[in-house]
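Quick notes on the structure that follows.
Numbering (my numbering), first residue to last: 33 to 985.
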């Protein structure tokens with residue numbers, strides 16, 4: 033990449049007064065602000081003692097000042113396009129931004145110092161502090177930036193601000209847009225589509241300017257009170273080049289030409305909101321409109337993507353999702369416009385900025401004939417998640433980041449609820465089991481997990497805040513809300529949600545506010561449940577329980593479920609348990625203490641099975657006495673199917689997890705998979721595959737692997753041939769869940785070496801290479817690409833690499849990126865890893881994913897581990913390092929196979945060398961490795977004998 037040069041040209045903000053009366057107010061305001069700067073005569077900077085200039089003792093802003101509105105002018109000097117540039121950047125692109133802001137605030141407690149946030153902003157001139165009542169100025173002779181993690185900008189005043197009065201502070205500043213995907217970011221992208229009024233040919237590099245401010249990056253765009261509780265109204269004006277379109281949180285109040293080069297766009301005031309939701313974009317993107325009876329919805333994308341209809345599915349589904357959320361919440365969406373924009377690249381999958389939602393286009397654009405149906409479901413789920421945030425997060429916001437689950441857990445739960453109504457063919461209730469519940473169970477079974485309500489004092493720094501955006505906040509948050517909804521009854525839950533949103537609109541909430549609103553709904557329904565008593569056991573402590581039932585005596589008990597059987601815990605939960613028997617309908621019982629209790633409903637009558645956690649609504653695992661396990665598994669294997677389908681997957685999942693925790697023998701779990709040879713439903717196979725993946729990871733480098741593959745080949749053969757008429761003809765079923773089942777059948781069959789599967793993928797990939805006509809169904813491309821490259825050689829890999837480099841289809845590029853890591857040729861994997869260091873070959877945002885892909889391949893596991901350690905400095909300081917969620921995924925992926933003492937020692941050495949011993953992900957990796965070492969050593973021989981016997985080898 034060419035070195036960036038920053039031009040120092042500063043365009044004057046004074047605008048010639050035009051005769052058009054509609055712009056007089058805005059122009060006058062610009063002039064007034066510039067006059068404010070030009071008349072300043074700052075005094076010499078006084079000397080302050082170290083005690084005065086030191087940062088406050090805590091990371092949080094003082095509460096003596098409360099902002100209520102901002103007026104912000106921003107002037108990015110970027111060019112929207114550079115002609116004839118090969119490498120996505122240009123030495124003459126400018127990254128300078130100039131601007132000014134005025135924040136109005138109320139003084140709650142008298143103070144002689146203003147503290148707000150500012151990071152990487154260079155102030156121009158002095159701060160102008162005024163009393164709003166009489167416009168009198170309060171002298172602020174200097175500004176003191178705190179060059180530490182607080183990012184405070186301290187403004188000492190010559191006389192104190194008085195409690196009860198309103199004030200403002202005006203600041204002019206400049207900054208350079210960094211080469212990171214945070215704060216303001218310029219994203220280059222290639223296009224062959226020139227403007228209709230130009231003569232430009234192909235090879236145009238264009239740029240979009242956008243923001244990504246969550247959680248604490250608003251301070252990098254303008255000086256502000258950058259905490260979620262410091263809500264305010266934002267009045268924004270963006271000065272940008274002619275021919276570009278500026279979008280903001282609110283609707284435009286007007287766009288005015290300044291001269292031949294510049295124009296400015298002013299926006300109406302936003303709703304009262306947190307700084308992390310502030311957003312704007314400047315681009316040449318075009319819009320696809322959506323239908324909605326009240327809200328103007330536009331979905332923006334690159335012009336060629338819009339023309340090709342790639343934004344149409346997103347546009348079509350947005351209106352119905354918004355309408356559902358309005359009806360469910362009882363509150364209309366709070367603006368008259370909603371813009372969505374597909375970014376060529378975004379450091380996060382999507383961001384819920386109020387009124388201007390940003391998406392990574394690879395997760396957002398859809399074309400029927402080339403995008404997979406799974407991609408369609410993911411797009412719908414993503415849009416539903418971000419739109420749910422317009423209520424859960426934007427309208428009502430958590431007070432502090434330690435309870436971010438109130439935002440993310442609700443948005444996750446509501447996205448599944450919305451799509452269950454809007455797109456019933458997606459079968460979201462069933463997908464919740466594998467997409468949400470299973471993953472939450474996996475992470476929360478470690479002693480190094482964290483509670484949903486993490487203590488506030490433990491979440492202060494940027495790293496601590498971003499650590500909260502994890503599986504626990506998103507998935508566990510959704511699971512416990514779903515459990516509460518079922519316990520209360522959905523209508524009572526909805527009434528509580530409506531009260532929560534109504535009472536706390538434009539405010540900030542804590543978990544106790546949610547429980548109070550739910551309790552009022554329960555009381556109005558004449559219920560007797562104490563919501564806070566029940567729910568705080570699920571939100572204030574880590575983990576979840578295993579419920580153990582003796583169906584002979586009816587005794588039921590609970591304990592903290594941990595994969596590490598040596599860990600000690602005395603935690604207990606208030607557990608609503610839905611139970612049924614072979615002859616009785618579901619009914620609720622409760623377990624409300626750590627002591628064993630006897631329940632009549634749990635006694636087996638006449639040798640019938642008892643089943644707990646019906647439909648798997650509860651966030652707990654269930655263990656039974658050996659006889660009841662036999663009855664349940666016999667019901668599965670004989671095909672009587674009196675057990676609900678969701679509970680068939682529960683039995684498999686619980687059995688494997690209980691075996692990993694050594695609460696039952698591993699053969700019980702293995703026996704639960706016997707019946708699968710005749711199972712053609714998707715979810716039982718999916719959950720079995722997820723659990724067998726652990727065995728793959730632990731034993732694919734040992735002699736267990738051969739017999740295990742032979743067993744699984746026999747089990748999956750019927751499922752594979754169930755779809756062979758579709759697969760061989762390059763077709764997919766109509767039903768959405770059947771499509772996923774076909775995909776899974778191919779995955780398991782090829783992974784375990786079923787000959788007809790491997791022949792099929794090689795044939796279809798070879799046909800693409802020979803004809804350059806890709807007839808592989810979009811649903812199956814990533815699988816067929818992967819296993820074709822795994823069975824192929826250099827020729828297949830080079831063909832895929834060429835397509836990866838030259839494809840304009842972002843969804844296919846993602847598939848190829850993963851498939852390139854599937855080769856078993858070590859030298860090709862090594863070369864692929866080296867490519868991540870070259871931005872011209874692999875963009876930094878895809879680099880971590882590439883290393884993860886290689887690590888998932890048993891042939892590349894050690895390569896990826898060594899590569900990550902050798903290039904750790906580049907990885908942790910890269911473009912996505914600020915979103916350490918991605919680095920956490922990398923650490924998790926690279927260390928998942930660790931199951932030897934040598935690997936544990938290496939992991940600990942790496943943590944010590946890189947000063948990572950306090951990292952949550954490293955702690956979890958070490959704990960998981962310790963569990964793996966012990967479990968593998970104790971079960972290897974048992975598994976080897978069981979698989980040999982069952983496979984007939």
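Backbone N, C-alpha and C fix where the C-beta goes; we use that ideal spot for every residue, glycine too.
Start and end residues, alpha helix (DSSP H) containing residue i
{"i": "residue 550", "result": "543 to 556"}
{"i": "residue 564", "result": "563 to 571"}
{"i": "residue 971", "result": "952 to 983"}
{"i": "residue 863", "result": "858 to 867"}
{"i": "residue 353", "result": "344 to 361"}
{"i": "residue 460", "result": "460 to 464"}
{"i": "residue 775", "result": "768 to 783"}
{"i": "residue 512", "result": "509 to 520"}
Residue i classed as buried or exposed, judged by whether at least 16 other C-beta atoms fall within 10 angstroms
{"i": "residue 933", "result": "exposed"}
{"i": "residue 984", "result": "exposed"}
{"i": "residue 343", "result": "buried"}
{"i": "residue 970", "result": "exposed"}
{"i": "residue 611", "result": "buried"}
{"i": "residue 869", "result": "exposed"}
{"i": "residue 858", "result": "exposed"}
{"i": "residue 34", "result": "Below a pLDDT of 50, predicted positions are generally treated as unreliable, and residue 34, at 25, falls in that range; no measurement from the model is reported."}
{"i": "residue 877", "result": "buried"}
{"i": "residue 370", "result": "buried"}
{"i": "residue 941", "result": "exposed"}
{"i": "residue 772", "result": "buried"}
{"i": "residue 456", "result": "exposed"}
{"i": "residue 418", "result": "buried"}
{"i": "residue 620", "result": "exposed"}
{"i": "residue 671", "result": "exposed"}
{"i": "residue 237", "result": "buried"}
Beta-bridge pairing of residue i - partner residues as DSSP gives them
{"i": "residue 430", "result": "541"}
{"i": "residue 587", "result": "582, 630"}
{"i": "residue 333", "result": "318"}
{"i": "residue 265", "result": "101"}
{"i": "residue 188", "result": "145"}
{"i": "residue 613", "result": "642"}
{"i": "residue 125", "result": "BP columns for residue 125 are empty, so no partner."}
{"i": "residue 681", "result": "Answer is none; residue 681 lacks a bridge partner."}
{"i": "residue 704", "result": "Partner(s): none; residue 704 has no beta bridge."}
{"i": "residue 156", "result": "204"}
Anticipated Cβ contact below 8 Å, residue i with residue j, distance rounded
{"i": "residue 395", "j": "residue 385", "result": "No, residue 395 and residue 385 are not in contact; Cβ-Cβ is about 16 Å, not under 8 Å."}
{"i": "residue 203", "j": "residue 264", "result": "Incorrect: roughly 15 Å between the Cβ atoms, too far for contact."}
{"i": "residue 715", "j": "residue 465", "result": "6 Å"}
{"i": "residue 345", "j": "residue 398", "result": "4 Å"}
{"i": "residue 438", "j": "residue 520", "result": "At roughly 18 Å, the Cβ-Cβ gap does not stay under 8 Å, so residue 438 and residue 520 are not in contact."}
{"i": "residue 648", "j": "residue 689", "result": "Not a contact, Cβ separation roughly 13 Å."}
{"i": "residue 449", "j": "residue 281", "result": "That belief does not hold up - the Cβ atoms of residue 449 and residue 281 are roughly 26 Å apart, past 8 Å."}
{"i": "residue 722", "j": "residue 470", "result": "6 Å"}
Run of the beta strand (DSSP E) containing residue i, from where it starts to where it stops
{"i": "residue 842", "result": "Taken as a continuous stretch (DSSP letters only), residue 842 belongs to no beta strand (DSSP E), being part of the alpha helix (DSSP H) at 842 to 851."}
{"i": "residue 819", "result": "Element bounds for residue 819: not the beta strand (DSSP E) but the alpha helix (DSSP H), 813 to 823."}
{"i": "residue 717", "result": "No beta strand (DSSP E) contains residue 717, which is instead part of the alpha helix (DSSP H) from 714 to 731."}
{"i": "residue 986", "result": "One cannot answer for residue 986 here, as it falls past the ends of the chain, which runs 33 to 985."}
{"i": "residue 656", "result": "653 to 656"}
{"i": "residue 251", "result": "Where residue 251 is concerned, there is no enclosing beta strand (DSSP E), given that its DSSP letter is neither H nor E."}
{"i": "residue 468", "result": "Looking at the DSSP string, residue 468 is not in any beta strand (DSSP E), and its letter there is neither H nor E."}
{"i": "residue 220", "result": "215 to 223"}
{"i": "residue 386", "result": "Residue 386 -> no beta strand (DSSP E), and no H or E assigned at all."}
Near the ligand NAD: residue i beta-carbon under 7 Å from a heavy atom
{"i": "residue 550", "result": "This structure does not include the ligand NAD; it has no bound ligands of any sort."}
Sufficient close CB pairs (3 or more, under 8 Å) joining the region 577 to 591 to the region 483 to 503: no
Contact the region 565 to 582 vs the region 285 to 301: 3+ CB pairs below 8 Å: no
Segment contact flag, the region 270 to 279 with the region 305 to 325, C-beta cutoff 8 Å, min 3 pairs: yes
Touching by the beta-carbon criterion (3+ pairs, under 8 Å), the region 425 to 441 and the region 825 to 845: no
Three-pair Cβ contact test at 8 Å for the region 959 to 967 versus the region 677 to 688: no
Segment contact, 8 Å Cβ cut-off, at least three pairs: the region 777 to 789 with the region 464 to 483: no
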